[in-house]
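First residue of the sequence shown: 1, per full-length UniProt numbering; consecutive thereafter.
Where a beta carbon is used, it is the ideal one built from N, C-alpha and C, also for glycine.
Since the structure is predicted, the reported quantities are computational estimates derived from the model, not experimental observations.
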Amino acid sequence: MYSFRDFELKSLRIILFELYCFRKQFSALTEVLFHFLTEPKEVERFLAQLSEFATINQISLGPLRSIVKSFLLVPNGALKKGLTAEQVRADFITLGLSEEKATYFSEKWKQNAPTLARWAIGQTLMINQLIDMEWKFGVTSGSSELEKVGSIFLQLKLVLKKGNQTENLYIELTLPQFYSFLHEMERVRTSMECFS
1 MYSFRDFELK SLRIILFELY CFRKQFSALT EVLFHFLTEP KEVERFLAQL SEFATINQIS
61 LGPLRSIVKS FLLVPNGALK KGLTAEQVRA DFITLGLSEE KATYFSEKWK QNAPTLARWA
121 IGQTLMINQL IDMEWKFGVT SGSSELEKVG SIFLQLKLVL KKGNQTENLY IELTLPQFYS
181 FLHEMERVRT SMECFS
């Protein structure tokens with residue numbers, strides 16, 4: 001949820017974005033933004049396209065970059081939260097973008113959603129790739145808290161690949177926490193199967 005101050009700032013930038021972009025300009029800039037969203041490693045190309053856009057439309061590059069940076073917060077947040085095109089549209093309207101432009105952007109979002117989702121999942125997997133997992137069940141035999149004695153716990157050892165290195169991550173979970181974790185892992189597996 002946005003704080004009121006952030007909301008005001010983003011609304012102001014969206015309004016400025018509206019002033020900068022008429023319909024044709026908005027569609028051209030949206031193409032540039034989606035090219036960047038689908039190919040985020042192409043930063044130099046993106047900056048060159050922004051510079052070209054600013055030159056063609058006689059817009060100052062500094063404010064345009066600031067506006068685009070703010071504008072990209074919505075799609076990046078939407079990717080993280082898995083929002084639908086309609087939810088993205090509603091967010092932009094709430095932030096002050098006209099209905100016509102919000103609808104245009106949401107249509108582009110709908111067209112590019114599979115590519116964006118695959119990229120987001122791929123990034124998540126590349127950051128912390130799970131190589132191996134070991135677990136051990138245990139029972140608490142002594143504790144300073146009487147009600148914890150006899151409770152079941154689980155120790156997990158996760159082997160993660162981070163870049164060229166591996167890292168061991170140790171986690172201790174109560175039985176309810178473990179079942180919650182297991183449920184989330186099964187949801188992730190189901191989601192991954194949808195994309196393969």
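- Scanning ILE56, THR190, PRO75 for the CA closest to the CA of LEU37 turns up PRO75.
- Judged by DSSP secondary structure, LEU83 falls outside any beta strand (DSSP E); it is assigned neither H nor E.
- Rounded to the nearest whole angstrom, the C-alpha separation of LEU47 and PHE105 is 20 Å.
- Residue GLN129 holds the alpha-carbon nearest to the alpha-carbon of LYS161 among PHE181, GLN129, PHE26, ASN57.
- The UniProt domain "COMM" (129 to 196) contains, as complete beta strand (DSSP E) runs of 3+ residues, the segments 129 to 139, 152 to 162, 165 to 174 (chain order).
- Boundaries of the alpha helix (DSSP H) around ILE56: 43 to 56.
- The beta-carbon separation of THR30 and LYS108, rounded to 6 Å, stays under the 8 Å limit for a contact.
- Per the C-alpha coordinates, the member of LYS24, ALA28, PHE34 positioned closest to GLN111 is PHE34.
- Under a 10 Å Cβ-count criterion, ARG89 is classified as buried, with 16 or more other Cβ atoms of the shown protein chains found around its own Cβ.
- If you compare the alpha carbons of GLU39, VAL43, ARG45, GLN25 with that of ALA54, the shortest gap goes to GLN25.
- Counted as a single uninterrupted DSSP element, the alpha helix (DSSP H) harbouring LEU64 occupies residues 61 to 71.
- In this structure, the beta-carbon distance from GLU134 to PHE153 does not fall below 8 Å.
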